[in-house]
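Step one of this worksheet: look at the structure below.
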Amino acid sequence: MTQTPENPTEPTLKRTPLHAAHLRAGARMVPFGGWDMPVQYAGLKAEHDAVRSSAGMFDVSHMGEFRVGGPGALAFLQGVTTNDVSKLRPGRAHYNWLPGESGGLIDDIYIYMVAEGEYLLVVNAGNIDKDWAHLQRHAAGHNVTLTDESDQWALLAVQGPKTLELLQPFSDTDLAARKKNAYFAARLLGFNVMLARTGYTGEDGFEVFIDASQAETLWDKLLEAGVTPAGLGARDTLRLEAGFPLYGHEFSETIHPLSSSYGWVVKDKEHLGRTHITAAPPQRLIGLRLERVPVREGYPVYADGVQVGTVTSGSSSPTLGHPIAMALVDAAHAESESFEVEVRGKRHPATRMALPFYRGA
Amino acid sequence: MNTPTELKYAASHEWLSEDGTVGISDFAQDQLGDVVYVELPEVGREVTAGDTIAVVESVKTASDIYAPASGTVTAVNEDLSGSPELVNSSPYENGWLFKLDVTEERGDLMDAATYTETAES
Chain V
1 MTQTPENPTE PTLKRTPLHA AHLRAGARMV PFGGWDMPVQ YAGLKAEHDA VRSSAGMFDV
61 SHMGEFRVGG PGALAFLQGV TTNDVSKLRP GRAHYNWLPG ESGGLIDDIY IYMVAEGEYL
121 LVVNAGNIDK DWAHLQRHAA GHNVTLTDES DQWALLAVQG PKTLELLQPF SDTDLAARKK
181 NAYFAARLLG FNVMLARTGY TGEDGFEVFI DASQAETLWD KLLEAGVTPA GLGARDTLRL
241 EAGFPLYGHE FSETIHPLSS SYGWVVKDKE HLGRTHITAA PPQRLIGLRL ERVPVREGYP
301 VYADGVQVGT VTSGSSSPTL GHPIAMALVD AAHAESESFE VEVRGKRHPA TRMALPFYRG
361 A
Chain Z
1 MNTPTELKYA ASHEWLSEDG TVGISDFAQD QLGDVVYVEL PEVGREVTAG DTIAVVESVK
61 TASDIYAPAS GTVTAVNEDL SGSPELVNSS PYENGWLFKL DVTEERGDLM DAATYTETAE
121 S
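Listed below in structure tokens is the structure:
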């Protein structure tokens, strides 16, 4: 038996401030985007189920944080992103895209408005260097300051239907009163943190920004409070069930951004790569359901006997109990109901399923 | 880790019994995590030791299974099609994969003690 390596061994892996805590919790560590990260603790399915039924926490400290400030911050962000940053108010956050000059996505990001003229951008771990160089290049001529705070912050995502119930006794803020995409300072388990009611699992929850030096103690207190540690394995099955695209799979510099159903992120304004993004996408992102055999990224997708696309993410769905996948298919076949996916030389029937596969309460 | 002494083991984590039954070790099933699908060979297939003969899929990944011996496939574990999790819960008994009419074993199969040392190192 050999396992398909998820990532090649890398000699100098970066560690998050929670590295020692992961090892203490019995995590199996794997290289991920240059970081030594926990893929699972007790088991992927148990962690997945904990997030769907109670509350789990993920170390997402490997993600990058850039602070953008100054009188030109809004104009700068408007030009380098597709969503309308002028709609944000202090204490609000939104999902956004960083398009390249030719319309492909440099990254998909979250923007938190800290105060007038001050924003925090959260970017994908594997794209930190690329995003930083891109933003630096386009900041020229704008009256903005850009600060890379990635090493300063630890970021924990606490997700699941019981998150509020578990965290509320340990905070002086009425957490339930804070709406989705709220971003606010709070006390939590004795620490000063920034909380954002955002997440990537399809469940309610908070992302907790905390000074890197305090992260390990907070983690231990969250464990004591009954939050289950969950690894990258569960994070991926949860986000796939929730139909969230993942950079490098459903988004890239070469995939047309409008292939996904996230076209709403592109607003009517002047921004980088605009001409290319508004053109019709040659492919569409669809959901597929299979009966038994799991399908993985890269597997060919057929309709009427002809290859019409490729699987971009696939797994067995722990919540639904059958395999699910996202695939990019030729736009002409995006409305077809029946497909086949080739697995090790044999084609298996697949049915189109609306995204998301799973919707939280 | 449970490693029965009456079996022989391949470095790639398959076990082979005296009667030609093949499965994956307790160590291997633990590494894989929750098994959700098993693709088994056709009965009657002739295999050469080292051939890819089956695939065990966990939630996260697909893993090839290599024949620990040359021979002919005489039976496959039909229970795995409805209950692939037997590979996790009972790797040496109910979660066996297939049976071979063995003509020649791989020369590098290990006893339980040697395999345990290798797997845990």
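Residue numbers (UniProt numbering), protein chains in the order written: chain V, 1 to 361; chain Z, 1 to 121.
Ideal Cβ positions, reconstructed from N, Cα and C, are used throughout, including at glycine.
Taking the beta carbon of V/Val-293 as reference, the chain Z residues within 8 Å of it are Tyr-37, Glu-39 and Glu-57, listed in sequence order. Z/Ser-83 is positioned such that its CB atom lies no closer than 8 Å to that of Z/Thr-48. Just so you know, the alpha carbons of V/Tyr-302 and V/Leu-238 end up roughly 26 Å apart.
Close CB contacts of V/Pro-356 within its chain, under the 6 Å cut and outside five residues either way in sequence, are with Ala-242 and Gly-243 (chain order). Its chain contains Ala-27, Arg-28, Met-37, Pro-38, Val-39, Gln-40, Tyr-41, Leu-44, Glu-47 and Phe-58 as the residues whose beta carbon lies nearer than 8 Å to that of V/Gly-231, once the 5 sequence neighbours on both sides are disregarded; these appear in chain order. In this structure, DSSP gives Z/Asn-2 a state outside helix and strand, which the three-state scheme calls coil. V/Glu-116 counts as exposed, since fewer than 16 other C-beta atoms from the protein chains shown sit within 10 angstroms of its C-beta.
In this model, Z/Lys-60 and Z/Gly-33 are separated by some 8 Å (Cα to Cα). Nearest to V/Arg-274 by C-alpha distance, out of V/Arg-67, V/Gly-34, V/Asp-204 and V/Pro-99, is V/Pro-99.
Take V/Thr-16, set aside five residues on each side of it, and the residues of its chain with a beta-carbon closer than 6 Å to its own are Asp-59, Ser-61 and His-62, in chain order. Considering only beta carbons, the part of the stretch 24 to 54 of chain V lying closer than 9 Å to chain Z consists of Arg-28, Val-39, Gln-40, Gly-43, Leu-44, Lys-45, Ala-46 and His-48, in chain order. The criterion of a C-beta distance shorter than 8 Å is not satisfied by Z/Val-38 and V/Pro-294. Interface criterion met: the Cβ of Z/Ala-62 is under 8 Å from a Cβ in chain V. Taking 8 Å as the cut-off, the Cβ atoms of V/Ser-313 and V/Leu-246 count as close. A distance below 8 Å separates the beta carbons of Z/Ser-25 and Z/Thr-3. Taking the CA atoms as reference points, Z/Tyr-66 sits about 28 Å from V/Gly-321. Residues of the stretch 231 to 253 of chain V with a C-beta atom less than 7 Å from some C-beta of chain Z are Gly-233 and Thr-237, listed in chain order. Assigned with DSSP and collapsed to three states, V/His-94 falls in strand. In the DSSP assignment, V/Asp-220 falls within the unbroken alpha helix (DSSP H) covering 215 to 224. Interface residue (Cβ-Cβ distance to chain Z less than 8 Å): V/Ser-315 is classified as such. The C-beta of Z/Gly-50 comes no closer than 8 Å to any C-beta of chain V. Taking the Cβ atoms as the reference, V/Leu-167 lies roughly 7 Å from V/Val-158, within the contact range of under 8 Å. The residues Met-113 and Ala-115, in chain order, have a CB closer than 6 Å to that of V/Pro-90 in the same chain once the five nearest residues on each side in sequence are set aside.
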